[in-house]
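Written out below as structure tokens is the structure these notes cover.
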Amino acid sequence: MSLEKSSFLQTHRLDSLRDFEEPFALVPPACSERKSSLCQFVTPTTIADFMSLLFLPRRGETIRLLDAGAGRGALLHAFLRRHGENSRIDLTAYEIDENLIDSLRQTLHLLRGQSSLRSRIITTDFVDDAVLNLRDGSGQRFTHAILNPPYHKIKNTSHYRKILRSVGIETVNLYSAFLSLSLALLEPLGQLVAIIPRSFCNGPYYRSFRKFISS
Ligand SMILES: C[S@@+](CC[C@H](N)C(=O)[O-])C[C@H]1O[C@@H](n2cnc3c(N)ncnc32)[C@H](O)[C@@H]1O
4 MSLEKSSFLQ THRLDSLRDF EEPFALVPPA CSERKSSLCQ FVTPTTIADF MSLLFLPRRG
64 ETIRLLDAGA GRGALLHAFL RRHGENSRID LTAYEIDENL IDSLRQTLHL LRGQSSLRSR
124 IITTDFVDDA VLNLRDGSGQ RFTHAILNPP YHKIKNTSHY RKILRSVGIE TVNLYSAFLS
184 LSLALLEPLG QLVAIIPRSF CNGPYYRSFR KFISS
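For the sequence shown, my numbering gives the first residue as 4, with consecutive numbering after it.
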């Protein structure tokens, strides 16, 4: 899915990610329990490249890029290879799993020579941090966001549900929470490209989410 804030929504259907065998080159296998609790599915290079192509080029701007749930940096790697040569990039990568941080740093380090890049890695929970940022109203905003968010149900009584509600986001899954928050952190005319399941397209559970992303 690609979105330009307040402007248009475009969807592309991908077959199951499992059909794409090619792994991100820097990724060794992760611990499987942790992997599933944090929804650590790596975006294959072909898909990451395709996602990077969906951003509309804009000349002369500094790109302020957000990856909320960066893993080892597969999406950032693709984005920087595609857009890094001609733009200055100020990148913010959230990743909650400290086991992945060294690899993420390594990915960014490898790309440093290719572009005018400033980067910061934030190891706190993206949902907590983004909600604080939105409540405060004076935190960082982004021109671009690229994400393959974690997919996990949010219980009605959970901490996430409560804090999301406090910024007007009513949703039942982490993927839609990540998407809504990233969208809310975009500047006007910012662009967002994300892989998400199509469960949001119908049914009452995602009604508020649909309303939120189309408002
Ligand atoms: C589906 S993976 C995508 C990884 C990488 N962006 C990619 O495309 O290969 C989602 C990532 O989000 C991270 N994550 C999960 N919950 C998070 C949270 N609350 N805050 C920040 N990162 C989180 C996971 O550790 C995982 O690396």
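Idealized CB from N, CA, C, for every residue including glycine.
Query raised in the report: What is the rounded straight-line gap between the Cα of L83 and the Cα of A180?
Result: Sequence index remark: in the sequence shown, residue 83 carries index 80 (1-based). Sequence index remark: in the sequence shown, residue 180 carries index 177 (1-based). About 25 Å.
Requested in this report: Following the continuous alpha helix (DSSP H) through D52, name the residue where it begins and the one where it ends.
Outcome: Looking up residue 52 in the sequence shown gives position 49. Start and end: 48-56.
Query raised in the report: Going by Cα to Cα distance, which pick from P191, R91, L113 is closest to G63?
Result: Within the sequence shown, numbered from 1, the residue matching residue 63 stands at position 60. Considering only alpha carbons, the answer is R91.
Query - Per DSSP, cross-strand counterpart(s) of T65 - result: Counting from 1 along the sequence shown, the entry for residue 65 is found at position 62. Bridge partners of T65: R91.
Query raised in the report: Where does L41 sit, in a helix, a strand or coil, going by DSSP?
Result: Within the sequence shown, numbered from 1, the residue matching residue 41 stands at position 38. Of the three classes helix, strand and coil, the one that applies to L41 here is coil, per DSSP.
Report task. Check each candidate in R213, S218, L195, F203 and name the one with the smallest Cα separation from L57. Result -> Here residue 57 is taken as the residue at index 54 of the sequence shown, counted from 1. L57 has its Cα closest to that of L195, out of R213, S218, L195, F203.
Report task. Label H162 either buried or exposed according to how many other C-beta atoms from any shown protein chain fall within 10 Å of its C-beta, with 16 as the threshold for buried. Result -> Along the sequence shown, one-based indexing puts residue 162 at 159. When all chains shown are included, H162 counts as exposed.
Query raised in the report: Who does R85 pair with in a DSSP beta bridge?
Result: The count along the sequence shown starts at 1 and reaches residue 85 at position 82. R85 is not bridged to any residue.
**Report entry** Proximity to L103 [Cα-Cα], best of T174, G76, A81
**Finding:** Here the question's residue 103 lines up with position 100 in the sequence shown. Nearest C-alpha to L103: G76.
Report task. Compute every distance between the C-beta of G74 and the non-hydrogen atoms of ligand 1, then say whether any falls below 7 Å. Result -> Taking the sequence shown and counting its residues from 1, the one referred to as residue 74 is at position 71. Checking every heavy atom of ligand 1 against the Cβ of G74, one is found closer than 7 Å.
**Report entry** Spatial neighbours of S217 in its chain, beta-carbon cut-off 8 Å, leaving aside the 5 residues before and after
**Finding:** For the purposes of this step, residue 217 is identified with residue 214 of the sequence shown, where counting begins at 1. Closer than 8 Å at the Cβ level, and outside the excluded window around S217, lie L12.
**Report entry** heavy atom of ligand 1 below 7 Å from I2 C-beta
**Finding:** The structure shown does not extend to residue 2, since the chain spans only 4 to 218, so no value can be given for it.
Requested in this report: Give the straight-line distance between the Cα atoms of F212 and S141, rounded to the nearest whole angstrom.
Outcome: One-based indexing of the sequence shown puts residue 212 at position 209. One-based indexing of the sequence shown puts residue 141 at position 138. For F212 and S141, the distance between alpha carbons rounds to 24 Å.
Report task. Confirm the yes/no value for this check: CB of E98, any heavy atom of ligand 1, distance under 7 Å. Result -> Here residue 98 refers to the residue found at position 95 when the sequence shown is read from its first residue. Because some heavy atom of ligand 1 lies under 7 Å away, the Cβ of E98 counts as near it: yes.
Query raised in the report: Looking only at C-alpha atoms, which of N151, E173, T65, Q109 sits nearest to F53?
Result: Locating residue 53 in the sequence shown gives position 50, counting from the first residue. Of N151, E173, T65, Q109, the residue nearest in Cα terms is N151.
Query - Residue nearest to S169 in terms of C-alpha spacing, selected from L189, V130, D70 - result: Mapped onto the sequence shown, residue 169 falls at position 166. Among L189, V130, D70, the Cα nearest to that of S169 is on V130.
Query raised in the report: Which word fits P60, buried or exposed, when buried means at least 16 other C-beta atoms lie within 10 angstroms of its C-beta?
Result: Here residue 60 refers to the residue found at position 57 when the sequence shown is read from its first residue. Burial call: exposed.
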